[in-house]
Amino acid sequence: MTDPARTSEDAPAILPPRTRAGRWRQVGPGLLAAATGVGAGDLVATLVAGARYGTALLWAAVLGTALKLALAEGVGRWHLASGTTLLDGWRRLGRWATTFFGAYVMVWGFVYGATAMSAVGLPLNALFGGLPVRYWAAIAGVVGLALVWVQRYHAFERFMTVLVLVKFATVVSTAVLVTPDLAELASGLVPRLPDGSTVYVLGLVGGVGGTITMAAYGYWMFAKGWRGTGWLSVMRLDNAVGYVMTGVFVVAMLVVGSTVLLGADLTASDSGLLTLGAALGERYGQWARVLFLVGFLAVTSTSLLGVWNGVSLMFADWVRTVRMPHGRRAEPVPAAREGAAASATAEVFARGAVERSLPFRAYLLWLTFPPMVLLLFDRPFGLTLVYGVLGSVFMPFLALTLLLLLNSRRVEAAGRSGWVSNAFLVAASALFLALLVTDLADRLGLG
């Protein structure tokens, strides 16, 4: 007889584990989402903040981690309680939501593709030399394309987990190496705003670990075989592990920047990370420089691979939703039985068929090859401006739409937001709207 819990060959729906050990063995998608959201730009933002203000802004990094944990929990809760994807939810809010996402994901992918490849090319060039950064970047993009093209979710998760552990171990080891002042570190948990620090506080709270990849979390849960509200406790543990590791990682970078580069005049560019590597080499020896560069490479590689996989899944889902006949809406599937049949949407993403679809692979190609033009020439100002504005809009868009979806009858009662979740989502919405206004004012010369 066929096991009723097995609903697909590649990623069967499974019953939620009942033991603590069983729940810990399921941890994985949260690590991917949190690790993918921390890229070279986040490292630079944290490093610059540490170099300018020491550990005084530690509280901002911790607050930002908590807010993004709440956002990621909301994304996961929507998928489990509705049985559908976030794109389905946005479609129910109106065509404006899916239209915004479609425009955003195309422009963002073009510019981010070049940014991600360059970020991987920098440590490769510093470690191995031989080729200019742009050629290492192009090689990194093609290797990332090949890895995502051929791997299914479970192999992808294992590979990414190894990279996450490498980057965590190397960066935390570097922080321990520089022997921070623990009393000073603890004082950084007290909220305060040094002169001129407002922009850096907003960047730390709103930027580190917060990207479009947060919205990809639900697809990785479906691929893992999680279905229904019985998985909510596992999802929360999974999210907590991922974002606690992100928080420790950010604190470690702040410690390194404040200890090694305090007072240095760093620019907000990826080359600032090479400055840190050189400083570590001068202080402790070349082995410390190599250790940091390996961590730098692991950070940028996880960000590239996670985006190549996760955002391509989102694009394929966007194509699916816009092709749905007018007026048709994907309906949530009530969880009548623990581990029972999931929605048809969840099963499509669980079987691994999406990774072999034309939209998924077309977006993979879009992320990889057209952006290589930007590796050879300066980025056009107009495109960068549009990208920056869309990027600033996405996080408040995510927070506000989660507020609307998770307080509606579109989800089971067990998956709706309580006052704690709503408080965090409202705080996140307000913060990200403030970031949007600040960013627009800065770009228009009004700041």
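Residue numbers (the numbering used here): 24 to 470.
Think of the CB as a built atom: it goes at the ideal place given N, C-alpha and C, for glycine as much as any other residue.
Quick caveat, the model's predicted, so the values are computed rather than measured.
Apart from the five residues just before and just after alanine 58, which ones in its own chain have a Cβ nearer than 6 Å to its Cβ?
Position 35 of the sequence shown, counting from 1, holds the residue named residue 58. Counting only Cβ-Cβ distances below 6 Å, and skipping sequence neighbours, we find Val187, Thr325.
Looking only at its chain, what residues have a beta carbon closer than 7 Å to the beta carbon of glycine 304, apart from the 5 residues adjacent to it on each side?
To locate residue 304, count along the sequence shown from 1; it is residue 281. Contacts found: Ala311, Arg312.
Can you tell which of Leu80, Pro419, Lys247 has the C-alpha that lies nearest to the C-alpha of alanine 453?
Start at 1 with the first residue of the sequence shown, and residue 453 comes out as number 430. Comparing Cα positions, the closest option is Pro419.
Beta carbon of glycine 99 nearer than 8 Å to that of asparagine 262:
One-based indexing of the sequence shown puts residue 99 at position 76. One-based indexing of the sequence shown puts residue 262 at position 239. Yes, Cβ-Cβ distance for glycine 99 and asparagine 262 is below 8 Å.
What do you get for proline 155, buried or exposed, if any count of 16 or more other CB atoms within 10 angstroms of its CB means buried?
Against the sequence shown, residue 155 aligns to sequence position 132. Flag for proline 155 reads exposed.
Rounded Cβ spacing between threonine 282 and proline 203 (contact assumed at less than 8 Å):
Residue mapping note: residue 282 aligns to position 259 of the sequence shown, counting from 1. Residue mapping note: residue 203 aligns to position 180 of the sequence shown, counting from 1. The pair is a contact, with the Cβ atoms about 6 Å apart (cut-off 8 Å).
Opening and closing residue of the alpha helix (DSSP H) in which valine 342 lies:
In the sequence shown, residue 342 corresponds to position 319, counting from 1. Residues 309-346.
Within the same chain, show all residues whose beta-carbon is closer than 7 Å to that of tryptophan 254, passing over the 5 residues directly before and after it, in chain order.
For this step, residue 254 is matched to residue 231 along the sequence shown. Correct list, in chain order: Pro39, Leu103.
Among Val213, Val85, Met140, which one has its Cα closest to the Cα of phenylalanine 392?
If you number the sequence shown from 1, residue 392 lands on position 369. The shortest Cα separation from phenylalanine 392 among Val213, Val85, Met140 belongs to Met140.
Can you tell which of Tyr307, Leu387, Gly308, Val317 has the C-alpha that lies nearest to the C-alpha of phenylalanine 338?
Within the sequence shown, numbered from 1, the residue matching residue 338 stands at position 315. Checking every option, the nearest Cα to that of phenylalanine 338 belongs to Leu387.
Opening and closing residue of the alpha helix (DSSP H) in which glutamate 180 lies
To locate residue 180, count along the sequence shown from 1; it is residue 157. Element bounds for glutamate 180: 176-200.
Taking Cβ positions, are alanine 178 and valine 278 nearer each other than 8 Å?
The residue labelled residue 178 in the question sits at position 155 within the sequence shown. The residue labelled residue 278 in the question sits at position 255 within the sequence shown. Their beta carbons are not under 8 Å apart, which means alanine 178 does not touch valine 278 by this criterion.
Could you have a look at valine 257 and say whether DSSP puts it in helix, strand or coil?
Locating residue 257 in the sequence shown gives position 234, counting from the first residue. In this structure, valine 257 counts as helix in the three-state DSSP scheme.
Specify the secondary structure class of glycine 471 as computed by DSSP and reduced to three states.
Nothing in the structure corresponds to residue 471, since the chain is present only between 24 and 470.
Kindly indicate the opening and closing residues of the alpha helix (DSSP H) around tyrosine 52.
By one-based count along the sequence shown, residue 52 stands at place 29. First, the residue type needs correcting, since residue 52 is proline and not tyrosine in the sequence shown. Unbroken alpha helix (DSSP H) run through proline 52: 52-60.
When Val443, Leu205, Ala142, Tyr242 are compared against phenylalanine 383, the one with the closest alpha-carbon
Translated into positions along the sequence shown, residue 383 becomes position 360. If we check each option's Cα against that of phenylalanine 383, Tyr242 comes out closest.
Alpha carbon to alpha carbon, how far is arginine 157 from arginine 175? Give it in angstroms, no decimals.
Along the sequence shown, one-based indexing puts residue 175 at 152. Along the sequence shown, one-based indexing puts residue 157 at 134. Their backbone Cα atoms lie some 29 Å apart in a straight line.
Let me check understanding here. Comparing Cα to Cα, which of Leu448, Leu336, Leu55 lies closest to valine 377?
Along the sequence shown, read from residue 1 onward, the residue named residue 377 stands at position 354. Among Leu448, Leu336, Leu55, the Cα nearest to that of valine 377 belongs to Leu336.
For the stretch 204-223 against the stretch 65-80, are there 3 or more C-beta pairs whose distance is under 8 Å?
yes
What does the Cβ neighbour count give for valine 434, buried or exposed, with the cut at 16 atoms within 10 Å?
Taking the sequence shown and counting its residues from 1, one reaches residue 434 at position 411. The residue is buried, with at least 16 neighbouring Cβ atoms inside 10 Å.
Candidates Leu299, Met183, Val128, Ala321, of which the one nearest alanine 238 by Cα
For this step, residue 238 is matched to residue 215 along the sequence shown. Out of Leu299, Met183, Val128, Ala321, Val128 has the C-alpha closest to the C-alpha of alanine 238.
Contact under 8 Å by Cβ, tryptophan 119 with leucine 429:
As a first step, residue 119 is located in the sequence shown; it is residue number 96 there, counting from the start. As a first step, residue 429 is located in the sequence shown; it is residue number 406 there, counting from the start. No, they are not a contact pair.
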